[in-house]
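The numbers in my numbering rise by one with no breaks, and the one at position 33 of the sequence shown is 170.
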Amino acid sequence: MSADPPTSVLFCCDHNAVRSPMAEGLMKKYYGTDIYVQSAGVRNDMEIDGFSIAVCDEIGVELSRHRTRSFEEMQEWGDDLSGFDLVIALSPASQRMALELTRFYHLDVEYWPILDPTGLGEGREEKLNSYRQARDQIRTRIKERFGD
Numbered sequence: 138m139s140a141d142p143p144t145s146v147l148f149c150c151d152h153n154a155v156r157s158p159m160a161e162g163l164m165k166k167y168y169g170t171d172i173y174v175q176s177a178g179v180r181n182d183m184e185i186d187g188f189s190i191a192v193c194d195e196i197g198v199e200l201s202r203h204r205t206r207s208f209e210e211m212q213e214w215g216d217d218l219s220g221f222d223l224v225i226a227l228s229p230a231s232q233r234m235a236l237e238l239t240r241f242y243h244l245d246v247e248y249w250p251i252l253d254p255t256g257l258g259e260g261r262e263e264k265l266n267s268y269r270q271a272r273d274q275i276r277t278r279i280k281e282r283f284g285d
């Protein structure tokens with residue numbers, strides 16, 4: 138882990154249904170007792186994606202109980218953005234929203250360009266491979282950023 142690791146991290150993407158829940162789950166698996174981790178989306182108009190659940194289950198990360206939420210809902214439920222040390226955006230739309238919402242706070246916003254696997258692949262196995270690729274990109278970035 139870096140010299141000054143954050144004590145709290147928020148992952149965000151478009152719907153909080155694919156990439157950010159994967160990132161939250163992976164981060165909690167690796168650093169859950171040391172770093173407070175949550176995720177949110179620009180919108181909350183979808184349920185957690187079944188392919189995300191499946192590919193994370195393959196590596197021992199449980200996502201089936203994840204409930205999607207938007208930035209707005211997150212704040213309504215008491216997780217104010219000012220309470221996070223670091224926001225990691227996994228999509229361009231979530232990066233714009235995070236930068237807009239954090240302009241009055243002193244916290245870092247990082248952008249990780251992670252593949253959006255939705256809509257990729259013809260059959261089930263091709264779709265799963267796309268989701269595995271996104272999962273593995275997130276896992277690699279987490280380990281590079283926070284250490285093994």
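By construction, the Cβ of each residue, glycine as well, lies at the ideal position given by its N, Cα and C atoms.
### Query
Would you call the stretch 219-226 and the stretch 185-193 in contact, with 3 or more CB pairs under 8 angstroms?
Proximity of the stretch 219-226 to the stretch 185-193 falls short of the contact definition, fewer than three beta-carbon pairs being nearer than 8 angstroms.
### Message
According to DSSP, simplified to helix, strand and coil, what is Phe148?
### Response
For this step, residue 148 is matched to residue 11 along the sequence shown. Looking at Phe148 - three-state DSSP - the assignment turns out to be strand.
### Message
So Gly162 and Thr205 are supposed to be a Cβ contact under 8 angstroms. How far apart are they, rounded?
### Response
By one-based count along the sequence shown, residue 162 stands at place 25. By one-based count along the sequence shown, residue 205 stands at place 68. With a Cβ gap of about 13 angstroms, Gly162 and Thr205 do not count as contacting.
### Stretch-stretch touch, CB-based, cutoff 8 angstroms, three pairs: the stretch 259-273 with the stretch 147-166
yes
### Message
Let's see if you can read the secondary structure: which residues bound the beta strand (DSSP E) around Ser228?
### Response
For the purposes of this step, residue 228 is taken as residue 91 along the sequence shown, with counting starting at 1. Premise fails: Ser228 is in no beta strand (DSSP E) and is neither H nor E.
### Message
Please report the distance separating the alpha-carbon of Lys264 from that of Arg202.
### Response
Residue numbering aside, residue 264 sits at position 127 when the sequence shown is read from its first letter. Residue numbering aside, residue 202 sits at position 65 when the sequence shown is read from its first letter. Their Cα atoms are separated by approximately 22 angstroms.
### Query
Taking the runs of the beta strand (DSSP E) that are 3 residues or longer, which of them lie wholly in the stretch 207-277?
223-226 and 245-248
### Task
Determine the direct distance from the alpha carbon of Cys149 to that of Phe241, and round the result to whole angstroms.
As a working note, residue 241 is residue 104 in the sequence shown. As a working note, residue 149 is residue 12 in the sequence shown. Cα to Cα, the separation comes out at about 18 angstroms.
### Query
Run through DSSP, which three-state label would Ser176 get?
On the sequence shown, position 39 is the one that residue 176 refers to. It is a strand residue.
### Task
Given a cut-off of 8 angstroms, decide if Asp216 and Gln175 are closer than it, judged by their beta-carbon atoms.
Counted from its first residue, the sequence shown places residue 175 at position 38. Counted from its first residue, the sequence shown places residue 216 at position 79. Yes. Within cutoff.
### Task
Count the other C-beta atoms from every protein chain shown that fall within 10 angstroms of the C-beta of Pro254, then say buried if there are 16 or more, exposed otherwise.
Here residue 254 is taken as the residue at index 117 of the sequence shown, counted from 1. By the neighbour-count rule (16 or more Cβ atoms within 10 Å), Pro254 is buried.
### Task
Quick one: grab the DSSP three-state call for Val192.
Translated into positions along the sequence shown, residue 192 becomes position 55. If DSSP states are grouped into helix, strand and coil, Val192 belongs with the helices.
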